[in-house]
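In the numbering used here, the protein residues as written are 65 to 410.
Quick notes on the structure that follows.
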C-alpha cells in the first residue's frame, strides 16, 4: 500500500508540475555543461518528495529515527527547491546539509559507531563517530546529486541502491530496523512514478530538490544498513561497510574520480565540468538510454560481487573495489586521451 500510494502520487503530480513550470517559465536552460538541448523543468523532485512523504507518514512507524529523517528531508527539500528556482551558492547548500545531518545524528543518534575491523579499528570514540558520520552523509548526498546528469540516471541508480538495501531490511531488520523497509519502499514508489516522465527524452528533471533528498535518504539507509550488520549480525556481519561501499559503487566512484581529476589539474574539486563517468561513456558513442542501462548494470554487477564474496572480509573487498576503480579510471582516461588525439588530428 505504501509503495502504491507513493507511486500514484508521484505519477499524477508530475504532469501538473510540468504544466505549471512551463506556464511560469521555471525551466532549465541548456548550457555547455548540460546534455539536454531544450528548455525543461527541473522540479521533478517535488513529485518524488510528495509521494515519499505522504506515503511514509500515513503507513510507517515513525520511530527509530524516521521522524528525524523526515525533518532532514524537509530541510533539504526547501534548499533544493530554492536552488532549482533561483540558484544558490555551494556554501548555503552546505549549511542546509549540515542542519539536516545534525538532526538525524544528534536527535535520532543515527551514526556509524564502529569501523568493524577496517584498518584494525573497531568501536569509534564519540567525537570521531560524529565526524565520520557527518562526512558519510554529506558525501553520499552529494554523490547522488552529482550523478544526476542524464535522463533517468539518478533515479535508476537510486532505485537500484534503495531496493537492495530495502531487501536486507526486510530479511534481517528485526524490531530495530524493520521500519526502514517503509523508507525504502516509499522512495522506490516515488521514483518509479517520476521515472515515467524522466527517461530520454525527459519532459522533466529531478533537480536538486529530488537529488538532495534522495541522496540524504540513501545516506541514512546506508548507515543503518552498516549498523544492522553490527547489531543484528546479519546478513554480512563485520563485512557490512565494504558491502555498503559496493552497493553505492557508481555514485561513489564517479564523485571520487572527478574530484581527483580536478585536483590533479589544479582546479577546485567543486568546479563543474563534463568529466563525469556518464560524460565519458557518451563520448564513446553510446546514447543516453544505453549509458543509463550500462551504469545500472555496472552497479548491479558490483553489488552481486560484494554480496557473494562478503565472506572475504572488509580489507579484501575494499581492495578489490579500489583496484577495479583504478582500472576503470585508467580505461576512461586512456579512451579520453585517444579521442582527444583523434579530434586534434582530424
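C-beta: ideal position from N, C-alpha, C; glycine also.
Small disclaimer: the values here were computed from a predicted structure and weren't measured.
Item	Value
With distances taken from CA atoms, which of 119, 261 and 351 is nearest residue 81?	261
At the level of alpha carbons, what is the spacing between residue 328 and residue 267?	37 Å
Specify whether the stretch 148–168 and the stretch 114–128 touch according to this definition: at least 3 beta carbon pairs, one from each stretch, less than 8 Å apart.	no
Between 167, 392 and 378, which has its C-alpha nearest residue 183's C-alpha?	378
Across which residues does DSSP place residue 239 in a beta bridge pair?	Its beta-bridge partners do not exist; DSSP assigns none.
Taking 9 Å as the threshold (C-beta atoms), are residue 248 and residue 285 in contact?	yes
Assuming the contact rule is C-beta atoms closer than 8 Å, residue 360 and residue 258 should be a hit. Round their C-beta distance to whole Å, please.	Contact flag wrong, Cβ pair sits at about 16 Å.
Please classify residue 212: is it buried, with 16 or more other beta-carbons within 10 angstroms of its beta-carbon, or exposed?	buried
Do you know how far the Cα of residue 272 is from the Cα of residue 91?	13 Å
Return the CA-CA distance between residue 293 and residue 270, expressed in angstroms with no decimal places.	32 Å
Once the 5 residues before and after residue 151 are set aside, which same chain residues still bring their CB inside 8 Å of it?	none
Give me the residue from 85, 103 and 87 with the minimum Cα distance to residue 93.	103
Less than 9 Å between the C-beta atoms of residue 355 and residue 364, yes or no?	no
Beta carbon of residue 201, beta carbon of residue 222: below 9 Å?	no
Flag this pair as touching only if the stretch 299–308 and the stretch 364–376 have three or more C-beta atom pairs under 8 Å; answer yes or no.	yes
State the beta-bridge partners of residue 105 as determined by DSSP.	91
Less than 6 Å between C-beta atoms, sequence neighbours within five positions excluded: which residues of the same chain meet that for residue 106?	92, 148, 269 and 271
Starting from residue 185 and walking both ways along the alpha helix (DSSP H), at which residues does that stretch end?	From DSSP, residue 185 is part of no alpha helix (DSSP H); its letter is neither H nor E.
Per DSSP, which one or two residues make a beta bridge with residue 178?	187
Taking its Cβ as the centre, do 16 or more other Cβ atoms sit within 10 Å of residue 206, making it buried, or is it exposed?	buried
Taking 9 Å as the cut-off, decide whether the C-beta atoms of residue 287 and residue 140 are in contact.	no
For the alpha helix (DSSP H) containing residue 304, list its first residue and its last residue.	304–311
For residue 408, collect the residues of the same chain with a Cβ closer than 7 Å to its Cβ; drop the 5 residues on either side in sequence, then sort them by chain order.	Residue confidence is low: residue 408 scores 45 on pLDDT, short of 50, so the model does not pin down where it sits. Its coordinate-derived value is still stated next. Nothing meets the Cβ criterion.
I need the straight-line Cα distance from residue 228 to residue 311, nearest angstrom please.	8 Å
Can you tell me whether DSSP reads residue 333 as helix, strand or coil?	coil
What is the rounded straight-line gap between the Cα of residue 252 and the Cα of residue 67?	7 Å
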